[in-house]
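*Asks:* Here it is, the structure, as structure tokens.
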Amino acid sequence: MDSRHQGPNGNNGYNGRNGCERRKSGRLPVSLSGRLTWKDTRGAIRFASIQTRDVTGDCAFVECRSGSPIPLYRLVQLQLDQQTRSLP
Numbered sequence: 086m087d088s089r090h091q092g093p094n095g096n097n098g099y100n101g102r103n104g105c106e107r108r109k110s111g112r113l114p115v116s117l118s119g120r121l122t123w124k125d126t127r128g129a130i131r132f133a134s135i136q137t138r139d140v141t142g143d144c145a146f147v148e149c150r151s152g153s154p155i156p157l158y159r160l161v162q163l164q165l166d167q168q169t170r171s172l173p
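Pasting the structure below:
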């Protein structure tokens, strides 16, 4: 199978022990641009540019393309670019 459709562990979403699909809904190979936003320890809003891949009904693979590291235990918001929100 094409490596760009593999999950982050290279397993295509299958459980390695018994070969069962773990996803609740089908995966769509959709690439969407956006950004993650959060507040740092001083309350300043920070952001990182992202690209999504392999979107399902309840999750997506998110790849950070730039920005600062996100500290643990931060509330993070995902914002999609305007042109990608109107996709069918």
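Using our numbering, the first residue of the sequence shown is number 86, and each one after it goes up by one.
Beta carbons: idealized from backbone N, C-alpha and C, even for Gly.
1. Can you tell me whether residue 112 is buried or exposed? The criterion is at least 16 other CB atoms within 10 Å of its CB, across all chains shown.
2. Helix, strand or coil for residue 155 per DSSP?
3. With a threshold of 8 angstroms between beta-carbons, can residue 145 be considered close to chain D, or not?
4. Using only the alpha-carbon positions, how far apart do residue 123 and residue 144 sit?
5. Compare the beta carbon distance of residue 167 and residue 121 with 8 angstroms and say whether it is the shorter of the two.
*Replies:* Judging by the given coordinates:
1. buried
2. coil
3. In the displayed structure, chain D is absent; only one protein chain is listed.
4. 19 angstroms
5. no
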